[in-house]
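Colleague: The sequence shown maps to residues 1 to 249 in the working numbering. Just so it is clear, CB atoms sit at the ideal spot from N, CA and C, and this is done for glycine as well. Values in this document were obtained by computation on a predicted structure and should not be read as measured data.
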Amino acid sequence: MDKKNILSKVDILIAMYKKGKLGGEVMPEDKNPGLLKSSLENYLYFTLPMALNYQRNSYILWENALKTYSDPQTNFVFNPKKCLEKPFEEVQLALTKYKVALQRQKQTEIWLKLCNTFVELFDGDIRNLFSGLDNDVNKIRDFIQKQNKSKFPYLSGTKICNYWLYVIYQYADRKYKNIEDLTVAPDTHVCKATYKLGLITDDEFNSSSVQLTVIDRWQKLLNGTKYKPIDIHTPLWLWSRNGFVELED
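#1: According to DSSP, Asp-136 sits in a beta bridge with which residue or residues?
#2: Taking the alpha-carbon positions, what's the Leu-155 to Val-190 distance?
#3: Using 8 Å as the Cβ pair cut-off and three pairs as the minimum, do the region 45-56 and the region 223-234 touch?
#4: May I have the straight-line CA-CA distance separating Gln-331 from Glu-89, to the nearest angstrom?
#5: Pick out whichever of Thr-183, Leu-61, Asn-162, Leu-7 has its Cα sitting closest to the Cα of Lys-31.
#6: Pick out the complete alpha helix (DSSP H) segments inside the region 7-91, 4 residues or longer, and give them in chain order.
#7: Taking 8 Å as the limit between beta carbons, can you name the residues of its chain near Ser-38, skipping five residues before and five after?
#8: So the candidates are Asn-242, Val-119, Gln-103, Glu-180; which of them puts its Cα closest to the Cα of Leu-52?
#9: Could you say if the region 127-145 and the region 91-108 meet the contact criterion of at least three C-beta pairs nearer than 8 Å?
#10: Thinking Thr-183 and Asn-162 are a contact (beta carbons under 8 Å), I'd like their distance in whole angstroms, please.
#11: Please list, in chain order, all residues of the same chain as Tyr-69 whose beta carbon is under 7 Å from its beta carbon, the five residues on each side excluded.
#12: In this structure, does DSSP put Glu-248 in helix, strand or coil?
#13: In chain order, which continuous runs of the alpha helix (DSSP H) of length 4 or greater are located wholly inside the region 137-166?
#14: Which residues bound the alpha helix (DSSP H) around Val-210?
#15: Note down the Cα distance separating Asn-5 from Gly-198, rounded to an integer number of angstroms.
#16: Taking C-alpha atoms, which residue in Pro-28, Leu-236, Lys-226 lies nearest to Thr-188?
#17: Would you kindly work out how many angstroms separate the C-alpha atoms of Val-210 and Ile-200, rounded to a whole number?
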């Protein structure tokens, strides 16, 4: 691994991203109702659908989330307390109307489990999770991924948890402590781009532990540089999704 060469390519990737040369700058989460960044509604909008973002087209998921939010008959699913007052079948119908939930039973259960967690632990206000843990990335991840993993289905996953924290950082008003410890979210595109750059080997790319390897490599590569891992996530994602356009020197 040629660290200097890879960092040079990182410079190019980020510059191309800022110029809109990686196939566009529109991300899936840009499809949103434009809520006040600091509002509870905004935090819930960018939290609940995230737990259903598993092996599916992210652009379509967020398009469907916006349709669900915009429909007065289905909007209630973004309010944990209201959700828990409804019969299971009514929540299921609302989540499947615009295909936010693709797995009728399982994904409705995941949604309701999260609603229950938010009400039980934070009185329905997910913002209390962040403020109660000093907005510290490491404390938040430890709370979700270790101390209370079963209470945060899918949201506690290696990929989803990091990406969710990144999205909250981008689309809400949250400022983190230890933001340099917020890792790339190692989804398929990020893993492919990491491999393309030569940061992981063939064997590592095809390993079942590729996500953890990708996180580790980016943490080590960017340590002590002007970049944080979250700076490279979106450029990597767009670069892979749009077929690895040639890097401009």
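Modeller: To lay it out plainly:
#1: As a position in the sequence shown, residue 136 is number 136, starting the count at 1. According to DSSP, which records beta bridges pairwise, Asp-136 is partnered with Lys-177.
#2: As a working note, residue 155 is residue 155 in the sequence shown. As a working note, residue 190 is residue 190 in the sequence shown. Approximately 18 Å, taken between the alpha carbons.
#3: Note that the region 45-56 does not touch the region 223-234; fewer than 3 beta-carbon pairs, one per stretch, sit closer than 8 Å.
#4: Since the first residue shown for the chain is 1 and the last is 249, residue 331 is missing from the structure and cannot be characterised.
#5: If you number the sequence shown from 1, residue 31 lands on position 31. Ranking Thr-183, Leu-61, Asn-162, Leu-7 by Cα distance to Lys-31 puts Leu-61 first.
#6: 40-45, 58-70, 80-85, all fully within the region 7-91.
#7: As a first step, residue 38 is located in the sequence shown; it is residue number 38 there, counting from the start. Closer than 8 Å at the Cβ level, and outside the excluded window around Ser-38, lie Ala-172, Asp-173.
#8: Position 52 of the sequence shown, counted from the start, is the residue given in the question as residue 52. Closest option to Leu-52, Cα to Cα, is Gln-103.
#9: no
#10: Reading the sequence shown from its first residue, position 183 is the one you call residue 183. Reading the sequence shown from its first residue, position 162 is the one you call residue 162. That belief holds up - the Cβ atoms of Thr-183 and Asn-162 are roughly 5 Å apart, short of 8 Å.
#11: To locate residue 69, count along the sequence shown from 1; it is residue 69. Hits under 7 Å: Pro-33, Tyr-45, Asn-75, Phe-78.
#12: Along the sequence shown, one-based indexing puts residue 248 at 248. Three-state DSSP puts Glu-248 in coil, outside helix and strand.
#13: 137-142
#14: Within the sequence shown, residue 210 is the residue found at index 210, counting from 1. Where Val-210 is concerned, the enclosing alpha helix (DSSP H) stretches over 210-222.
#15: Along the sequence shown, one-based indexing puts residue 5 at 5. Along the sequence shown, one-based indexing puts residue 198 at 198. If I take the Cα positions, the gap works out to 10 Å.
#16: In the sequence shown, the residue the question calls residue 188 occupies position 188. Distance from the Cα of Thr-188 is smallest, within the candidate group Pro-28, Leu-236, Lys-226, for Leu-236.
#17: Within the sequence shown, the letter at position 210 stands for residue 210. Within the sequence shown, the letter at position 200 stands for residue 200. So the alpha carbons of these two residues sit roughly 9 Å apart.
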